[in-house]
Amino acid sequence: MLGRTLYNHLSYGTLIPHKMSVLKQIDTLLISIDGREHIYNVTRGVGVFPSLMKSMDLCVSNSIPFNIKMVINRITIKEIDWNISLAHKYGVEIEFVLPYEVSSDKQPELHKKLSLSDSEILNILEEILCDWGRTKATF
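See the structure below:
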């Protein structure tokens, strides 16, 4: 029997209030959030952060399980602790995504500019593993 798990990458979370009946039928929702409002404005769009936070509260009040997805790059790197604290506050897991440069990328210059070096990635992994006890993290 196939499971009904659906991970739905919601960059903005603005559709959550309008999709409650569907969301109540899935196992886990994956919500993208890369940091506090000033960072979110840069990475995902200006003005949507408050609705994202309200949407996460709405998930809690409607017993819709969710996890957090964080893309770590040069813009978001200093938001790791904040995101770990946010995951801890909601009692959810956090998934860290480390983008890399690929030859088929449609925005190679942007990704080259934002991507971290191998040594930076190793340092981040060490930092996250040190915080492992504060929240559940996946890579």
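Under the working numbering, the first residue of the sequence shown is numbered 102, with each subsequent residue one higher. Note that CB positions come from ideal geometry on N, CA and C, so glycine has one too.
Item	Value
Cβ neighbours of residue 198 in the same chain (closer than 6 Å, five flanking residues each side left out)	172
Proximity of residue 154 and residue 191 at Cβ, strictly below 8 Å	no
Minimum C-alpha distance to residue 141 - residue among 164, 170, 224	170
For residue 236, the three-state DSSP class (helix, strand or coil)	Note that residue 236 scores a pLDDT of 49, beneath 50, so its modelled location is shaky; the value from the coordinates is reported in the next line. Coil, per DSSP.
Beta-carbon proximity of residue 130 to residue 165, cut-off 8 Å	yes
Per DSSP, cross-strand counterpart(s) of residue 225	In the DSSP output, where bridge partners are listed per residue, residue 225 has none listed.
Sequence-distant residues of its chain with Cβ nearer than 7 Å to residue 137 (five each side left out)	180, 183
Neighbourhood of residue 144 by C-beta, 7 Å cutoff - its chain only, sequence neighbours within 5 removed	135, 176, 177
Collapsed DSSP secondary structure at residue 116 in the structure displayed	coil
Alpha-carbon to alpha-carbon, residue 122 and residue 76	Residue 76 lies beyond the residue range present for the chain, which begins at 102 and ends at 240; the question has no answer from this structure.
N-terminal and C-terminal residue of the alpha helix (DSSP H) that residue 176 is part of	Neither: residue 176 is in no alpha helix (DSSP H) and is coded neither H nor E.
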